[in-house]
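Chains as they are written, first to last, in the numbering used here: chain A, 7 to 357; chain B, 628 to 1222. Idealized CB from N, CA, C, for every residue including glycine.
Written out as C-alpha cells, the structure reads:
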C-alpha cells in the first residue's frame, strides 16, 4: 500500500488514443490494496481496455458493492461516474441505473463474496434480465477483508493459509452465468493481461449481459501451496481455449491465420472479435459446448480460460421491455404526461 | 539478452547520470539530499573531497552533469546542480574541523607542481596530507591560476578563491613565486616527481591585415582579462568588438561593459548554436545588452594613423563537403564594416611549452603537445606528470581537478615504487533504503516544480562595478525547492528474480512505463516491444535472467523517476530501492596495492 499519489510525469513517447487521452488519463486514485494484489492488475487491464477502445471516461458508470474488489473502482477511471452500493446489491442498483439512463456504459465490479455469497440473488437476476453491462467478478476464493476465510467459489479440498481443507462445493460463476442467459461469458486470470485486456474490450463492445470471471490471487491470504487460486497454481493449470483480437469498426484487420484456426464473432457496432483457437473443437457460439468444456476441464483439474460463450444475436433488457430509445431520465413532463384529451380517450375506452 | 551484471561498478554508476558525466564523479544526488536537509557542511565536504573547489565550481563550472541530468529527459530542464553546489558553499559554517590536518610526519618525498591552477592545487591537496612535501611554483604571487586571472570577479569573487585555495595551502603546501623557464632546471632541483599544471596560457593570435598597425587597440582576450583582474587595466573604448564565441569571449564582452564599453558587440565566425560558450553565459551576455553577431569572418582591421577604426567582416554560410566536413564559404554579399575603438581577440587558447628542452626525451606532437598517457598522466620521463589544460589542451576547471586526482594517484604509486598502470577500483556500496512498509530513507514524492532561476543583481548596479557579483545565489528556501527536483537517481531499483512471482504490480504502477515482462530477444528487437519503446540507446536496459514463465524482466533505465513505487507495490521484495555509493579512489592507502 502506498500513501503518495502516483507521480504526474509520464513517458514522453506515451501513446494517445482517438480522444487524445493517454492510458494515464484513465487512472484513478492510488490503490490502497495490498502490494501485488491481483485486483490491481485487473484495474490496470480495465484502464488499458478503456484506453484502447477510446471510451469517453464521462460516459462510464462504474458500480460496485463491498469488499476488496469493490474498492477498486476508486483506482481506475477517475473521471467516470461511480456508485458503491451496500454489500451484494450492485447488480440491482446497476439494473436501476441502466433502466434510467440506457446511454451510459455500465461496468459492474464485484468479488466472489459480493456476488457469489451475499449478493448471489441480485447477481442471478441482473444476468437473467440481460442488463447491458460488463460484469467482472474479481475472484480470489477468500474473504480478504476479513483475513482469508474461504468464499463460496473456493474449490473443494483447496487449503487455507493455515492448511485447513475446504469441505464445500464451489459455485462456478461462469457456468452459472451461461445457464442464466448471459450472452458474453469469459474467464481470465489477473496475471495474463494479454488475454484479459481483449476479453474486457470484447465485453464492452458486446450488447447484453457480459460476464467475466477473473481469477485474482490474494497475495495476503490465498497465494500459498495448496491454494487453487494462487499465481503458481493458475499458471500451471490454465487451459486457455482461445486468444482474442477485438477489432472495432475503425481498426484494420491485420491478423492472418489459417482457416479453421480462427473463429469470428460479430459485434453490434460492426466490429468483431477474431478468436485464435487453442482448442480447435470449441465453438464459442455453442452454449451447450461451452458448458461441456467447463465441466470437462474442471474434471481434469484444469481452469478453463478465454472467451467461453458469445451470442452474436444478443439483446438486452431494453429490447425486452420495449422502452424508448431516449433514456428515461431525459423524458420531460411533455413526454410523460399525454394531456387531458388523451386521458379522456383512455377513460372513454374503458367505459 | 544476457542478464545485467550489476556487480560491475559501471552499471549502477551510469544510472546516476550526473555522477557518471562529471569528470570527477562527484556524488551529486547525495549532496543535493544533504542540502535539502539543511546539512550544508556535509554537502560541502562531499564536494570538497571530490572536486576540491565547490564554491568556485558552484559559480563557474561548465556543468557536464546538467545536460546529462535525467530530469531534463523527464521534463524540460535539468536540476540546477551547479548552483546547488554554490548553496552548500554559501551556507556552510566553519568547516576547518572537517578538513584533513597537515601531515605531522613527512614521508621524505618531494613533489614540484608547476603552475598554481586547479590541476596543481588538486595534486597538492591529495598528496600533502599523506606526508609529501609539495612545492607549487607560479609566476604570480597568488595561487589560483586561471581561476584568479581569467574569470572576471563579477562571476567569481576573490574571497571565494582565497578561501578555497587557502584550504589547500593550509595543508602545508609551499607556494613559491617563480617563472618556469627550464624543465632541466626543475628536474635538477631534486624533486621525486614533477607535475606540470601550467594550463594553456597563450591566447591565439588573429593575423589579418592591420593587426600590426592597429596593435595598440587590439588585445588578446585572456591577457586582457588577466590585466583587468590584477587592476592593470581599468578602462576601454566606448565601442568594443569581441571576436570569438567561447566563454572567454563572453567574459571579455561583459567585462568591457563594466569598464566603459557602451556599445559592445560579439562577432562570431560560426552560427549561434555552434558557439563554444555555455548557453547560460551567452544568455547572461545578451541580458546585459550585448548583441552576438554570427556568420561573420574578420577580414581586416581598419586604421587611421595607427589608430584602430573598425573591423571588416566577410559574410559566410556553412556548407558540408563530400566527406561531411563543415566548411564556411562566402555568401557573396558585400562585406560589413563595423566601427570600433577597441578589439578583444578571444578566438582560442594554445598550450605552449617553450621552456621544455627538446633533448630531455619527451616527444611533442604537431600541435606542440607532449606525449602523455591518458590514464596515468605520466609523460615519457617517468617522474614527470601532466594534468589540466597542459595535458590535453584547453578544457575547464572540473577536468583539471579530475586530472589532478588521477595524476596524484600516479605520483603516489610512483613514489611508493608501484606500477602506475595498475589503477585502483572505486569504492562502491549498495544498501537498501527501506525503513517501513512504504517508507524510505529518501523523499520519494516526486516534485512537479520546474527549474528555479537564480536571482541576479539588478543590471544597473551590476554594470557599474566590475567586482559586484551578478548572481546572488539561491536563498535557503529556493535551494530547498530546487533540491526537491532531484530524482535521487543514486537510489537504484534493484531486482531479484528469485523473489518475483510475476504479479505485474510493478508494471501497472510505474508512472513512466519503464518495466516490461516479455519473452527474451536480442536488444535491438526487445527495445521495440517494451511497455513503452526504449528509443534512447545511450541508456541501458536492466535485464533479469529467465523467470518461471520463461519471460524476462526488462527495465528501461532511461526515464525511471526512482519514485520507488515498483518496490512499494512489490509483494515479495523482488524490487528494492538501494542507495548506490561510488567514491573514486584517491591517492593514499586506497590506491596502493595490497601486496
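Handout entry: Helix, strand or coil at residue 248(A) [DSSP, three-state]
Key = strand
Practice task
Mind the definition here: the region 774-781 of chain B touches the region 868-883 of chain B only if three or more C-beta pairs lie below 8 Å; say whether that holds.
Solution key: yes
Problem - Length-filtered (4 minimum) alpha helix (DSSP H) runs lying within the region 719-777 of chain B - result: Correct list: 745-754, 773-776.
Practice task
Please decide whether residue 1198(B) counts as near chain A, where near means a Cβ-Cβ distance under 7 Å.
Solution key: yes
Handout entry: Residue nearest to residue 223(A) in terms of C-alpha spacing, selected from 132(A), 198(A), 245(A), 216(A)
Key = Nearest C-alpha to residue 223(A): 198(A).
Practice task
List in chain order: all unbroken beta strand (DSSP E) runs of 3+ residues lying wholly within the region 73-120 of chain A.
Solution key: 87-90, 111-117
Practice task
For residue 15(A), decide whether its Cβ has a neighbour in chain B, counting only Cβ atoms nearer than 7 Å.
Solution key: yes
Practice task
Let me know if residue 673(B) comes out buried or exposed under the rule of 16 or more other beta-carbons within 10 Å of its beta-carbon.
Solution key: buried
Practice task
Grab me the residues of residue 22(A)'s own chain with a C-beta within less than 8 Å of its C-beta, minus the 5 sequence neighbours each way, in chain order.
Solution key: 28
Exercise for the section: Compare the beta carbon distance of residue 679(B) and residue 633(B) with 7 Å and say whether it is the shorter of the two. Expected result: no
Problem - Nearest-angstrom Cα separation, counted from residue 190(A) out to residue 250(A) - result: 13 Å
Handout entry: Cβ-Cβ separation, residue 977(B) to residue 876(B) (assumed contact under 8 Å), whole Å
Key = Wrong, their Cβ atoms sit about 16 Å apart, outside the cutoff.
Practice task
Using alpha carbons as the reference points, say which of 244(A), 273(A), 237(A) lies closest to residue 253(A).
Solution key: 273(A)
Exercise for the section: Please report the residue range of the beta strand (DSSP E) in which residue 644(B) lies. Expected result: Annotation: residue 644(B) is outside any beta strand (DSSP E); the continuous alpha helix (DSSP H) that includes it extends over 644-648.
Problem - Start-to-end residues for the beta strand (DSSP E) that takes in residue 936(B) - result: 934-947
Problem - CB contact below 7 Å: residue 1195(B) versus chain A - result: For residue 1195(B), the answer is yes, since a Cβ of chain A falls inside 7 Å of its Cβ.
Handout entry: Contact under 7 Å by Cβ, residue 1204(B) with residue 1194(B)
Key = yes
Handout entry: residue 958(B), DSSP secondary structure in three states
Key = coil
Problem - Within 8 Å of chain B by C-beta, residues of the region 38-68 of chain A in sequence order - result: Interface annotation for the region 38-68 of chain A against chain B: 40, 41, 42, 43, 44, 46, 47, 49, 50, criterion Cβ-Cβ distance under 8 Å.
Handout entry: Nearest-angstrom Cα separation, counted from residue 924(B) out to residue 714(B)
Key = Taking the straight line from one Cα to the other gives about 41 Å.
Exercise for the section: Go through its chain and collect everything with a Cβ distance to residue 157(A)'s Cβ below 6 Å, but skip five positions before and after it. Expected result: 118, 119, 147, 148, 149
Practice task
Measure the C-alpha to C-alpha separation of residue 9(A) and residue 698(B) and round it to an integer number of angstroms.
Solution key: Cα to Cα, the separation comes out at about 23 Å.
Practice task
Can you say whether residue 991(B) is buried or exposed, counting buried as having 16 or more other CB atoms within 10 angstroms of its CB?
Solution key: exposed
Exercise for the section: Measure how close the beta-carbons of residue 982(B) and residue 1150(B) come, nearest whole angstrom, since I'm counting them as under 8 Å. Expected result: Their Cβ separation, rounded to whole angstroms, is 52 Å, which puts residue 982(B) and residue 1150(B) out of contact at 8 Å.
Problem - Proximal residues to residue 2(A) (C-beta, below 7 Å), its chain only, five neighbours per side dropped - result: Look at the range of chain A in this structure, 7 to 357, and you will see that residue 2(A) is not part of it.
Exercise for the section: Per DSSP, which residues does residue 929(B) bridge with? Please list them. Expected result: 937(B), per the DSSP bridge assignment.
Handout entry: Minimum length 3: unbroken beta strand (DSSP E) runs contained in the region 855-897 of chain B
Key = Complete beta strand (DSSP E) runs here, min 3: 866-870, 890-894.
Problem - Same chain only: Cβ atoms within 6 Å of residue 1057(B), ignoring 5 sequence neighbours per side - result: Answer for residue 1057(B): 1205, 1207, listed in chain order.
Handout entry: Near-chain B residues of the region 208-241 of chain A - C-beta to any C-beta below 7 Å
Key = 225, 237, 241
Practice task
Identify each residue in the region 1173-1188 of chain B for which the Cβ-Cβ distance to at least one residue of chain A is less than 8 Å, and report them in chain order.
Solution key: 1175, 1176, 1186, 1188
Problem - Beta carbon proximity, residue 678(B) to chain A, threshold 7 Å - result: no
Problem - Burial state of residue 1083(B), where buried means 16 or more other Cβ atoms lie within 10 Å - result: exposed
Handout entry: Beta carbon proximity, residue 12(A) to chain B, threshold 7 Å
Key = yes
Exercise for the section: Indicate the three-state DSSP secondary structure (helix, strand or coil) for residue 810(B) in the structure shown. Expected result: helix
Problem - Opposing strand residues paired with residue 997(B) [DSSP bridges] - result: 991(B)
Handout entry: Distance between residue 188(A) and residue 134(A) (C-alpha atoms, nearest Å)
Key = 7 Å
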